[in-house]
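A short write-up of the structure that comes next.
In this note's numbering, the protein residues as written are 15 to 140.
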């Protein structure tokens, strides 16, 4: 289902750049699908947005990250809020937000609600 949504975003919505986090199973699934999508649609790209500065360059290489960015100002955010702040940064940069939110509690739900209030187009796979 995720891959079909990504294809629709490329083919019908004109999306050529995707932002994705690097924490948790959903992020890993998205990265895997974006790698496959890029092999079929060479004109698109994706950026993995880091919440923390890696301690070693080998940490990035070991995960075979395609392209990464660490948002300006995130170094001033307390570590316990880094993922939330990173996700807010991605919401601000995006027109579409693809998420998997089943419950009305937790940070994923709060960020989905924030994206809705900011007028983003939400695609909830749950």
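No residue lacks a Cβ here, since even glycine has one placed at the ideal position from N, Cα and C.
Proximity of residue i and residue j at Cβ, strictly below 8 Å
i: residue 34; j: residue 45; result: yes
i: residue 88; j: residue 114; result: no
i: residue 126; j: residue 109; result: no
i: residue 129; j: residue 111; result: yes
i: residue 48; j: residue 32; result: yes
Reference residue i; option with closest CA among the options
i: residue 38; options: 127, 62 and 27; result: 62
i: residue 65; options: 57, 103 and 29; result: 103
i: residue 121; options: 112, 59, 48 and 98; result: 98
i: residue 41; options: 53, 100, 86 and 69; result: 100
i: residue 27; options: 47, 119, 53 and 58; result: 58
i: residue 25; options: 56, 36 and 43; result: 56
First through last residue of the beta strand (DSSP E) which encompasses residue i
i: residue 59; result: 59-63
i: residue 123; result: Counting along the chain, residue 123 falls outside any beta strand (DSSP E), though it belongs to the alpha helix (DSSP H) covering 121-131.
i: residue 138; result: 135-138
i: residue 111; result: 110-113
i: residue 33; result: 31-34
Boundaries (first-last residue) of the alpha helix (DSSP H) holding residue i
i: residue 17; result: 16-27
i: residue 47; result: 38-54
i: residue 100; result: 96-107
8 Å contact criterion, which residue i and residue j should meet: CB distance rounded
i: residue 137; j: residue 19; result: 6 Å
i: residue 52; j: residue 60; result: 7 Å
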